[in-house]
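Participant: Chains as they are written, first to last, in the numbering used here: chain Z, 2 to 47; chain B, 2 to 369.
No residue lacks a Cβ here, since even glycine has one placed at the ideal position from N, Cα and C.
Note that the coordinates shown come from a computational prediction; the quantities given were computed from them, not determined experimentally.
One structure is given below, represented as structure tokens, and several questions about it will come after.
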Amino acid sequence: STVVLVFQAPISKLLHEGDSSQEFNFNVKCGDRIKVGEALGRWHSS
Amino acid sequence: TSFIKNFPKPQPPSSVNGANGNSKGDSSYLLPGATVATILMLGALHARRMYDDKKIEKRQEKGIEVEFQPDVKASFMSFLPLRSISRCWGQLTSMEIPAWLRPHVYKAWARAFHSNLEEAALPLDKYTSLREFFVRALKEGSRPIDTDPQCLVSPVDGKILRFGELKGAGAMIEQVKGFSYPVFSLLGASSLLPTTAHGNVQEETSESIKPTEKSKKSWWRVSLASPKVWDPTSSCPKKGLFYCVIYLKPGDYNRIHSPADWNILVRRHFSGHLYPVNERATRTIRNLYIENERVVLEGVWQEGFMALAAVGATNIGSIELFIEPELQTNKPIKKSLNSEPPEERVYDCEGVGKVLKKGDELGAFNMG
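Here it is as structure tokens:
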């Protein structure tokens, strides 16, 4: 069986706060084993 | 060697009927000969397949991507009654196993498919059938959920096959290098998926939807009514569309969890084929995920749209939803597959749908 996840996530610079940025990044590589609850990806704001 | 040792020696002709005696003797060799030939042939085919798979693994380790290669054997599978085979397999594995035999059967299964039995929530003899064992729950704390509010967690145990970003209208998901399929074919033509190229997605979701569309797409109201999680006036981060494909082996934990705090608003059930979905199948069977039986859940999370498609396979034909226990999949159908639109249900209880927290169980893949 297979699960396909499709989702929206932040990708680029904020419009109002100059140099701040948010971006979603996958934490995994193709071929990696992953378990329920482990992070697939994160985004950060600064 | 034992076969050769036990091979009966031909008797010399001793009478006029000797010729008949010889032909009788020859025919007695046919059965063991055919059996040995079949075993040798199956062994050779298995060895070749293992060699091919090993070769592909080595190429992947070197960073060389496998490409799509249509296969005659894969085409032949469309003529097999895979759905019936799947249901028979389900019935077979639902049979109650004697209590004394259960630990042996489940340990054998675990050895064959590399399952971790120490994580099982119950003692092995409590699972009455292989089917029940297959969808076993895990001990409390076996799968800690990442609590970072800015992360998306894996909904299943499995192997990452593909991931990436979807760009522009008519976005395609790559099945394997050299073959892709449209995301709308996977989720359904009536999907609420935002379609513009990234950069405009949020503008479309919050502003450009016409009033008539708003009444239909009530789930957008949820995202707009949740300033705590998505406030377009404060930061206006642009949104992109991403996808991730995760493959579950038969020995994996087979329950599905919520990847984030999520309001599920629509469920779609597509009846379809039940081709195998192993890695070999992904590179030989065209449109594998959009031909197979699947359940699609759509809704909103703090960053906008989210959909999860649970795709069945021959051995794991039915998908059970804990949030909708009455849903039945892999049923016998008379109409031709893929000709009917998906059966859809809107979970629109007061506009919020089914509310799930990150890590909550939402369904399971069942045998057959």
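From the DSSP secondary-structure annotation, give me the bridge partner or partners of residue 365 of chain B.
Facilitator: Paired residue(s): B:256 and B:321.
Participant: Grouping DSSP H, G and I as helix and E and B as strand, with all else coil, what is residue 310 of chain B?
Facilitator: Residue 310 of chain B: strand per DSSP, three-state reduction.
Participant: Check distances from the C-beta atoms of the segment 347–363 of chain B to those of chain Z and list, in chain order, the residues that come in under 8 Å.
Facilitator: Of all residues in the segment 347–363 of chain B, 360 have a Cβ within less than 8 Å of some Cβ in chain Z.
Participant: Quick one: measure Cβ to Cβ for residue 158 of chain B and residue 266 of chain B, integer angstroms, because I've assumed they're closer than 8 Å.
Facilitator: 26 Å between Cβ atoms; not a contact.
Participant: Using a Cβ-Cβ distance under 8 Å, would residue 73 of chain B count as near chain Z?
Facilitator: No, no contact with chain Z.
Participant: With DSSP run on the structure shown, which of helix, strand or coil describes residue 47 of chain B?
Facilitator: The answer is helix: DSSP assigns residue 47 of chain B an H, G or I state.
Participant: Specify, as a first and last residue, the run of the alpha helix (DSSP H) that residue 327 of chain B falls within.
Facilitator: Looking at the DSSP string, residue 327 of chain B is not in any alpha helix (DSSP H), and its letter there is neither H nor E.
Participant: With a CB to CB cut of under 8 Å and the five nearest residues on each side skipped, what residues in its chain are close to residue 10 of chain Z?
Facilitator: Within the same chain, residue 10 of chain Z has close Cβ partners 25, 42 and 44.
Participant: Who pairs with residue 182 of chain B in a beta bridge, going by DSSP?
Facilitator: B:174.
Participant: What are the residues in the segment 273–287 of chain B lying within 8 Å of chain Z by C-beta distance?
Facilitator: Within the segment 273–287 of chain B, the qualifying residues are 278.
Participant: Taking the beta strand (DSSP E) that residue 11 of chain Z belongs to, which residues open and close that run?
Facilitator: Its beta strand (DSSP E) spans residues 3–11.
Participant: Are three or more beta carbon pairs between the segment 83–98 of chain B and the segment 281–292 of chain B nearer than 8 Å?
Facilitator: Verdict: no, contact absent.
Participant: To the nearest angstrom, how far is it from the Cα of residue 4 of chain B to the Cα of residue 41 of chain B?
Facilitator: With a pLDDT of 47 at residue 4 of chain B, under the threshold of 50, the modelled position of that residue is not reliable, and the figure given next carries that caveat. Straight-line Cα distance between these residues: approximately 13 Å.
Participant: Alpha carbon to alpha carbon, what distance is there between residue 353 of chain B and residue 70 of chain B?
Facilitator: Approximately 44 Å, taken between the alpha carbons.
Participant: In terms of DSSP beta bridges, what is residue 159 of chain B paired with?
Facilitator: DSSP lists Z:35 as partners of residue 159 of chain B.
Participant: Output yes or no for whether 8 Å exceeds the beta carbon distance between residue 153 of chain B and residue 306 of chain B.
Facilitator: Contact flag unset, no.
Participant: Am I right that residue 384 of chain B and residue 101 of chain B are in contact with their C-beta atoms under 8 Å? What's the rounded C-beta distance?
Facilitator: What is shown of chain B runs 2 to 369, which leaves residue 384 of chain B out entirely.
Participant: So is residue 366 of chain B in contact with chain Z if we call contact Cβ pairs under 8 Å?
Facilitator: So, interface residue.
Participant: Please tell me whether residue 258 of chain B has its Cβ less than 8 Å away from any Cβ of chain Z.
Facilitator: At least one chain Z Cβ lies under 8 Å of residue 258 of chain B.
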